[in-house]
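S.K.: Below is a structure I'd like to ask you about.
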Amino acid sequence: MFRQSLLTLPALLSIGLMAGCASTPPASPVTFQAEAIDAKAYVPKVDSFAVIFDASSSMGMESMGDVKFNTAKGFVSAFNETVPELDYQASLVKFGGSSDDTFPAGTVYGLTDYQSSGFASGLGSITEPGNITPMAEGIDAATEALSGVSGPVAVILVSDFWKILHQQDTMDAAKRLASQHQGDLCLYLVKVGDFEGSGWLINNMADITNCSKAMNVGDLAASGAMAGFVKDALLQPAPQKKPIQYEKISFSATALFDFDKAVLKSAGKAELQKLGQYIMGQGVQVVDINVIGHTDSIGTEEYNQKLSERRAMAVRDFLVSEGVKGSIIDVSGEGEGSPVADNGTNEGRALNRRVEVHVGAEQKAN
């Protein structure tokens, strides 16, 4: 017996070592990185978007290292943190949910002007998975939420696609959504988990419009992937603006005002009226105007500063009265601080008493 035990020990050790080598370490949960997108560099390519969230009981199962429900919420949360707050409307729809939910599908946020904080609150209201998988009802709820909008729409469906029983009903619901938006819909199917039994449904839904597509949630966890997804689904590069070109027009303060005054003379108004007509009649779009007052060095610096500001404001107010937009006019005074001539002579001081108008314009689009 003793000899037999010695002979079997190496075999037992060998089996144990092989089992240890063959074991696969548990998968790590998928984590998603929210990334800042420069809102100034992009504009919306959609007028509205909706996220449809699967909260059915199968989402409570584990897959690839984590509960699918947690993976899905992590994805949607990172998506929300990545989306810049631009001019679009948004909605969040869920189907399934805890067993005490009265309705199998419904809207938990929107449709409203998109705000990240409000969307996050809606997502936070989805607390646990449960109940059946009424995907068709979830799509119909999104269709209803988006019924009053026009223009391009993105819909993101996040689900494990686990044993969808009435696949044709679900496909018909997707067709109703696409029909409502008449070619303006892009449907993004984000699959959570590794269930392979709904390939027919996923493939056909991904073909429902030319821009629709399916993807695995894990593919959106890599660095830069979330920002890339958001840009692809919701954004387009902002049109490049042409540089603003400024033209400087200088008026003698003597022509505009009486000595030591900031009230426009009749002759001064006539000069500025010509300027207003020139600005309004340009074949370019005026986008910025700077009105800058200047004085000579007679008097105190404090007094001259205030006088230059009052004169600049008088010019600004007159231009507005001539139809120039006040919102594009900036007013400032330099006092005696920016002379263009010698303040030691009468001629130099006369040149320094002035109001400059810098007219900034960009070419109109063809």
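Start counting the sequence shown at 162; every next residue gets the next number (our numbering). Using N, Cα and C, we set each Cβ at its ideal position, and we do this for glycine too.
Within a Cβ cutoff of 7 Å, which residues of the same chain sit near Q194, ignoring the five residues on either side of it in sequence?
M.R.: A239, S384 and M387
S.K.: Out of curiosity, what's the CA-to-CA distance linking P404 and V520?
M.R.: 13 Å
S.K.: Pop quiz: Y249 and V316 are said to be a contact at Cβ under 8 Å. What is the actual Cβ separation, rounded to whole angstroms?
M.R.: 13 Å between Cβ atoms; not a contact.
S.K.: If you measure between the beta carbons of V254 and A303, is that distance less than 8 Å?
M.R.: yes
S.K.: Once DSSP output is grouped into helix, strand and coil, what is the label at I213?
M.R.: strand
S.K.: Can you look up L326 in the DSSP assignment and give me helix, strand or coil?
M.R.: coil
S.K.: For W323, count neighbouring Cβ atoms within 10 angstroms of its own Cβ and tell me buried if that reaches 16, exposed if not.
M.R.: buried
S.K.: Let me confirm a value: D457 is counted as buried when at least 16 other C-beta atoms fall within 10 Å, else exposed. Which label applies?
M.R.: Buried is the call here.
S.K.: What did DSSP end up calling E483 once you bin it into helix, strand or coil?
M.R.: coil
S.K.: Measure the C-alpha to C-alpha separation of E408 and S499 and round it to an integer number of angstroms.
M.R.: The alpha-carbon separation between E408 and S499 amounts to approximately 18 Å.
S.K.: What do you get for D301, buried or exposed, if any count of 16 or more other CB atoms within 10 angstroms of its CB means buried?
M.R.: buried
S.K.: Tell me which residues share the same chain as T370 and place their Cβ nearer than 8 Å to its Cβ, disregarding the 5 neighbours each side in the sequence.
M.R.: A339, G344, L346, C347 and L348
S.K.: Do V237 and V212 come within 8 Å of each other at the CB atom, strictly closer than that value?
M.R.: Yes, the pair counts as a contact, with Cβ atoms nearer than the cut-off.
S.K.: For I450, name the three-state secondary structure that DSSP assigns.
M.R.: strand
S.K.: When the distance is taken between beta carbons, is V501 closer than 8 Å to R477?
M.R.: no
S.K.: Please give me, in chain order, every unbroken run of the beta strand (DSSP E) with length at least 3 that falls completely inside the region 357-404.
M.R.: 374-377 and 396-398
S.K.: Just verifying my parser: in three-state terms, what is the DSSP assignment at I410?
M.R.: strand
S.K.: Just checking my contact of G429 with N465 at CB under 8 Å: how many whole Å lie between their CB atoms?
M.R.: Not confirmed; about 19 Å, so no contact.
S.K.: Using 10 angstroms around the beta-carbon of S311, count the other beta-carbons present and answer buried if the total reaches 16, otherwise exposed.
M.R.: exposed
S.K.: If distances are taken between C-alpha atoms only, which option among Y270, A511, L395 and S482 comes closest to Y203?
M.R.: L395
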